[in-house]
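If you're matching them up, the sequences are chains A and B in order. Per our numbering, residue 1 is the first one in the first sequence, and the count goes up by one each step. Per our numbering, residue 1 is the first one in the second sequence, and the count goes up by one each step. Down below is the structure, laid out as structure tokens.
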Amino acid sequence: MIDLNERFSEKRNFFNRLIFVYIFFGVLFLYLIYKTFSLQISSYSDYELASLENKTREFLVQPRRGIIYDRNGEIIVNNKPSYSMILDPENVDDINELIFEINKFVNLSDAEIKNINNIFPNKKKLNREVVLKRNLTTEEIAKFEVRNYRFPDIQIAERYSRENLYPYLFSHSIGYVGNLDEEKLQEILSSQNLESNETIFTYSNGFLNGKTGIEYIYDEKLRGLFGKKIYEVDASGRLLQEKQMTPAVAGEDIFTSLDLPSQKVAYDELNNRRGAVVAVDINDGSIVTYVSSPSFSVNKIANGLTQNEFDELINDDDKPFFDRAAQGRYSPASTIKPAIGLFGIYKDILDWEYTIQDPGFFILPEDGRIYRGWKKGGHGEINLKDAIIESSNTFFFSLAYQTEIEELRAHLSNFGFGKNVCDDCFMPDNGLLPSPRWKMNTHNFGWFKGDTVNVGVGQGYINATPIQLAYYSAFLATKGNINKFSFVQDSKNANKNIFNLKNITNIDWDNIHESMIGVIESPKGTAGRLRSLKDYVIAAKSGTVELVSTETKEDYQIIRETEGKRDHAIIIAFAPMPNPKYAISVVIENGESGGSVAGPVAVAVLNSLVKND
Amino acid sequence: MINFKNFIKDKIYIDLYLFFSITLLSIMGLVFLYSASQGNIETIIKQSFFVIFGLFLMLIVSQPDPDFYKNNSAIFLIFSLVLVLVTLFFGKEVNGARRWLDLGFFTLQTSEIIKVALPVFLAAYLYDKSLPINLLNTFTTLFLILLIVNLVRIQPDLGTSLVILIAGLYILFLAGLSWRFIGISSGIFILSLPFIWNNFLEPFQRQRILTLLDPNADPFGSGWNITQSKIAIGSGGLQGKGYQMGSQAHLDFLPETETDFIFSVIAEEFGFIGVCILLSIFLFILLRCLYLAFDARDRFCRLTIGGLSLLFLSTVFINLSMVVGIIPVVGMPLPFISKGGSSLLSFYIAFGIIISMATHKKLMQK
Chain A
1 MIDLNERFSE KRNFFNRLIF VYIFFGVLFL YLIYKTFSLQ ISSYSDYELA
51 SLENKTREFL VQPRRGIIYD RNGEIIVNNK PSYSMILDPE NVDDINELIF
101 EINKFVNLSD AEIKNINNIF PNKKKLNREV VLKRNLTTEE IAKFEVRNYR
151 FPDIQIAERY SRENLYPYLF SHSIGYVGNL DEEKLQEILS SQNLESNETI
201 FTYSNGFLNG KTGIEYIYDE KLRGLFGKKI YEVDASGRLL QEKQMTPAVA
251 GEDIFTSLDL PSQKVAYDEL NNRRGAVVAV DINDGSIVTY VSSPSFSVNK
301 IANGLTQNEF DELINDDDKP FFDRAAQGRY SPASTIKPAI GLFGIYKDIL
351 DWEYTIQDPG FFILPEDGRI YRGWKKGGHG EINLKDAIIE SSNTFFFSLA
401 YQTEIEELRA HLSNFGFGKN VCDDCFMPDN GLLPSPRWKM NTHNFGWFKG
451 DTVNVGVGQG YINATPIQLA YYSAFLATKG NINKFSFVQD SKNANKNIFN
501 LKNITNIDWD NIHESMIGVI ESPKGTAGRL RSLKDYVIAA KSGTVELVST
551 ETKEDYQIIR ETEGKRDHAI IIAFAPMPNP KYAISVVIEN GESGGSVAGP
601 VAVAVLNSLV KND
Chain B
1 MINFKNFIKD KIYIDLYLFF SITLLSIMGL VFLYSASQGN IETIIKQSFF
51 VIFGLFLMLI VSQPDPDFYK NNSAIFLIFS LVLVLVTLFF GKEVNGARRW
101 LDLGFFTLQT SEIIKVALPV FLAAYLYDKS LPINLLNTFT TLFLILLIVN
151 LVRIQPDLGT SLVILIAGLY ILFLAGLSWR FIGISSGIFI LSLPFIWNNF
201 LEPFQRQRIL TLLDPNADPF GSGWNITQSK IAIGSGGLQG KGYQMGSQAH
251 LDFLPETETD FIFSVIAEEF GFIGVCILLS IFLFILLRCL YLAFDARDRF
301 CRLTIGGLSL LFLSTVFINL SMVVGIIPVV GMPLPFISKG GSSLLSFYIA
351 FGIIISMATH KKLMQK
């Protein structure tokens, strides 16, 4: 049927076509091998990495936060262990049955049960622990322990919470921790070259960072370094086994100069009145006492307040959150007089022999306006020393009248007015040291001579924070040889600001000290009441901050019906004389009398400090 | 011993090259499958049974004279067509696809049978037609091919229907389809591609093709399989991670490790070296088939050997191209390696027929 020729050509045709197909596929096969080669050899490292990333999951391990000590080595802030009931979900099928069993002896609230039901399916799928209940009581732990043989998948695990052992004493100095926001977390992690990941928490309330005070300022030291744990996982994300672990590095402990006994005394003495106490060791400017009153519990803030508790705090008229010590602005009032006196000596306006007649008021020559002293009839003929002891306003009105405001301003700035005096305080206010330019900018008014006269008695525009007043006090105590203040002493910052004015001699300084001793010890002194409260010598200067200017005592009696309009009581002091070690400032809002209201608080705190040395 | 060897040579029709290389491939397949199935003994026992049974079946199928297949090809085709139709109505539905006939002891994927029966029938139909094949025969053949391809496609089983289409077209091409017809029909095909895209492809099939173009666009959706497969292959490197050490396969990142993606497991655990060894065995089998086709006794044998070996080649090629990401995921096993009895048996039968065609010589030629 088919002849040989035709058969031969058919065969050749077939072979050609078959080889054509084979060559076609041969080329495709070469491409396939090239493709495999490029995957396995050329891009090997990329795919090896991808495979590694696929099968491992990294967990961050939260570091333990540093402990905060006072200057005597007493722990102030610690990490308190709390206990949580933790379930390994892998072998649990019916969570509701388990909850029912547990509920027989450890009460789970409806909210807790709802939460467990919500998270359980996913946690089981991924083989992650389920927290059944936090903050177990010892009774609950005991109840569980006797039954634990029935619950092989449940264990009691230790978690920490940040605890201030004296939650009200250090609210404003040490401050509190709170939850870390996402942005800050990213910043912390990227500083450690880590990525945001699931975290194995050491603290029962998650990520922490300092929000205020020392907890905030020293957050980086206290925080420590995150560790990491690497687990092998399968495609569904289930944890299989731990592969590698870099332990977290605990934060550094912080040793502050705060002194627990004096802190307690200051807190008790203030007794929830609005006010502040700041005391320092004048040798290095270390802050030993720092209380703003009224206070609040930092532990409640750090571990969760109810909305009601929070509203109560935020709406409290006494503003417990407000740090009066670093942010409260008060007129220095009469406490400024030693500094003004020193300015008179420095400018050769007066010497220690110089006297004036004090009729009880000063008349400004420019406009005849009358500036009154506190004592009706005045102090008679008076020199600088007595003017400080008796707190003659007229003397300082007339002295200030003879000064140039810009020069006076520069002088007062040395004493700490109008500037930051603390290295590690949380958001300190700089107070106000007014200048003509400031007045023009703020009040759109030129500077009057009367404004300068007011500065002479620490009234008017000038104001300062308690910590600035403490600095001023320390400045006087050390004769102008003082460190910037700090809670934590760091050797690299320990350089003294030495104040040196040619015209002010050691004798002048001694006279100032003597005058300030006289404030308490002299029969005429404004704070004589304090004499019996201590058995060593204190130099002090009291002040009474007029909030409303009144002509007569009768007028003031009307004003003081409203508590918020009463004068602030204020005092600065240093002791023990003649070789002072501590300087202090006390402000009590609407306390009326610097000498007899703020004074006893200052003496009590100094007693505690001096006696415990 | 010599007597025994001669006895085998005289009484049993066998091509030792193909027999040994296929046996080797089957054993390697079992070894790979053990790892790919994560040490599932049941799977291995089942697969071993199919391998032993399949090798025996291959030996039996190679005994009859090629004329037996030539004369009965229509019966085989009709029989397998009936099976496909029965499957379409009474088949077992798995994941929305009706591809399997439950025979009690074994679920048969009927498209695997017709995949072999069609090329044999077409070879028998076309071997005595004069060259070039006229239009009538061409269209008759094409109609038959497309009918069967569509019956399989609606199961739906795109992979197998594609292989059937390709195998049918090979026979037509090898039998001497005119170049003019090829040129014109290719042109029409290309022009009708958009129509096919819109009317013949299921949405998920379209998605697979799109995914291929840019697997990173949707790495956790349909791109997941390709991405994970590439990671598995790529991370194998030159030497591989070691037997049963493939993390991609053993931690479930890789899908379908026992079937479609078994090559990725091999590449991950044995590296480029392992891949080259495996591919050279496939290559050896294909080159042996090419030689046997040249050496075959008549046109029917040549066409059958050519068609069936190209069927095998295409299956291997589609599977490999799929797992390295050259073509979309279509669901195609790697012959003799992947799990699955029907596919395994169909290739043993196909090679049995090839051996029969190659070993039976006409007396006049001897």
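Glycine residues also receive a C-beta, built at the ideal position from the N, C-alpha and C atoms.
Would you kindly report the start and end of the unbroken alpha helix (DSSP H) that includes residue i?
| i | result |
| --- | --- |
| B:G234 | 223-236 |
| A:E269 | 260-270 |
| A:Y401 | 393-401 |
Residues in its own chain within less than 8 angstroms of residue i by CB, not counting five upstream and five downstream?
| i | result |
| --- | --- |
| A:G377 | P359, G360 |
| A:G237 | R57, K125, L126 |
| A:I67 | I75, V77, N78, N79, D253, I254 |
| A:E112 | L132, K133 |
Pick helix, strand or coil for residue i, following the three-state DSSP scheme.
| i | result |
| --- | --- |
| A:Q244 | strand |
| B:M357 | helix |
| B:I326 | coil |
| A:K502 | coil |
| B:K92 | strand |
| A:N164 | strand |
| A:A569 | strand |
| B:W100 | strand |
| A:F255 | strand |
| A:P436 | helix |
| B:I399 | Residue coverage of chain B in this structure runs from 1 to 366, which leaves residue 399 of chain B outside it and unanswerable. |
| A:L208 | strand |
| A:M1 | In this predicted model, A:M1 has a pLDDT of only 46, less than 50, meaning its place in the structure is not dependable; the value taken from the coordinates is given anyway. Reduced to three states, the DSSP call for A:M1 is coil. |
Give every residue of the same chain whose Cβ lies closer than 6 angstroms to the Cβ of residue i, excluding the five residues on either side of it in the sequence, and list them in chain order.
| i | result |
| --- | --- |
| A:F448 | none |
| B:L310 | Y170 |
| B:E93 | none |
| A:L596 | Residue identity differs from the one stated: residue 596 of chain A is Ser in this sequence, not Leu. R529, listed in sequence order. |
Examine chain B for any beta-carbon lying closer than 9 angstroms to the beta-carbon of residue i, and answer yes or no.
| i | result |
| --- | --- |
| A:E242 | no |
| A:E48 | yes |
| A:A235 | yes |
| A:Y44 | yes |
| A:E90 | no |
| A:R324 | no |
| A:R128 | no |
Taking only beta-carbon positions, decide if residue i is within less than 9 angstroms of chain A.
| i | result |
| --- | --- |
| B:Q365 | With a pLDDT of 44 at B:Q365, under the threshold of 50, the modelled position of that residue is not reliable, and the figure given next carries that caveat. False, the Cβ-Cβ gap to chain A never drops below 9 angstroms. |
| B:Q205 | no |
| B:A293 | yes |
| B:Q228 | yes |
| B:Q373 | There is simply no residue 373 of chain B to check, as chain B begins at 1 and stops at 366 in what is shown. |
| B:V86 | no |
| B:D252 | yes |
| B:V61 | no |
| B:L30 | no |
| B:F381 | Residue 381 of chain B is absent from the model: chain B starts at 1 and stops at 366. |
| B:Q248 | yes |
| B:V120 | no |
First and last residue of the beta strand (DSSP E) that includes residue i?
| i | result |
| --- | --- |
| A:G178 | 177-179 |
| B:R288 | Per DSSP, B:R288 belongs to no beta strand (DSSP E); it is in the alpha helix (DSSP H), 262-295. |
| B:Q109 | 107-109 |
| A:F59 | 56-61 |
| A:K541 | 537-545 |
| A:F361 | 361-363 |
| A:R274 | Where A:R274 is concerned, there is no enclosing beta strand (DSSP E), given that its DSSP letter is neither H nor E. |
| A:M85 | 75-87 |
Suppose the cutoff is 7 angstroms on Cβ atoms and the five residues either side in sequence are ignored; what does the same chain contact list for residue i look like?
| i | result |
| --- | --- |
| A:F445 | K439 |
| B:S77 | According to the sequence displayed, residue 77 of chain B carries Leu and not Ser. Only A117, L118, F121 meet the Cβ criterion. |
ask   = Fully enclosed by the segment 128-160 of chain A, which beta strand (DSSP E) runs are 3 residues long or longer?
value = With a minimum length of 3 residues, the continuous beta strand (DSSP E) runs that stay inside the segment 128-160 of chain A are 130-133.
Within the segment 12-68 of chain B, ranges of the alpha helix (DSSP H) (whole runs, at least 4 residues) = Restricting attention to alpha helix (DSSP H) runs no shorter than 4 residues, the segment 12-68 of chain B encloses them at 16-36, 41-61, ordered along the chain.
key: Runs of beta strand (DSSP E) wholly within the segment 276-346 of chain A (minimum 3 residues, chain order)   = Secondary structure within the segment 276-346 of chain A: the beta strand (DSSP E) runs of 3 or more consecutive residues, fully enclosed, are 286-293 (chain order).
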